[in-house]
Each structure stands twice: as structure tokens, then as C-alpha cells.
Amino acid sequence: MMEKIIVDVAWCDRNYGGSLGSNVPGAVVFTAPTFEALQKEAKESLEFHVGGLMENGEDVPEWLKNGDYEFEYNIIR
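For any residue, its number in our numbering is found by taking its place in the sequence shown, counting from 1, and adding 8.
Printed below as a string of C-alpha cells:
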């Protein structure tokens with residue numbers, strides 16, 4: 009079973025803002041002009057973040073290293 013990463017999404021003035029769930033070590037936030045772009049940004053931001061954690065010798069769960077996860081979007085109103 010794949011791990012779920014909750015992405016909290018809110019409309020922030022002229023952009024969508026997103027933040028990754030508590031099962032991802034560290035804090036990851038990002039913005040995008042459309043919801044579709046935000047979905048792409050979530051994936052790219054997470055991959056960049058995980059790469060940085062691994063370079064720094066941080067403890068990263070195997071499921072996160074291997075990409076064994078899926079995103080679930082939580083729209084905050």
C-alpha cells in the first residue's frame with residue numbers, strides 16, 4: 009500500500025499555496041498560479057526536498073526515497 013502525502017491547498021491572493029503533510033520530514037511550502045501547476049510543483053518540490061535531505065545525511069523513510077507515495081489534496085476554504 010502506498011503512503012499518502014496530504015497537501016494542504018489554499019488560495020493566497022493570486023496564487024494557490026500548498027504545504028506537505030506531517031509525514032514528510034521538514035517543512036515544504038510552494039505556490040503556483042493554477043491548481044494543475046500546483047500539483048506539478050508539489051511533486052517537484054518534494055523530490056528536490058528529499059534529495060537535499062539525503063545529501064545532508066538526514067534519516068529519510070524508504071517509502072519516501074523510493075517514491076512509494078501518492079498525493080491527496082486537501083482544499084482549505
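From the three backbone atoms N, C-alpha and C, an ideal C-beta is built for every residue, glycine too.
* Asked: With 16 as the cutoff for other CB atoms within 10 Å, does residue 27 come out buried or exposed?
  -> Of the residues assessed, residue 27 falls on the buried side of the cut-off, its CB having 16 or more other CB atoms within 10 angstroms.
* Per the contact definition of three or more C-beta pairs closer than 8 Å, is the segment 72–79 in contact with the segment 43–59? -> yes
* Asked: Do residue 17 and residue 83 have their C-beta atoms within less than 9 Å of each other?
  -> yes
* **residue 32, enclosing alpha helix (DSSP H) - first and last residue** => Element bounds for residue 32: n/a, residue is neither H nor E.
* According to DSSP, is residue 68 helix, strand or coil? -> coil
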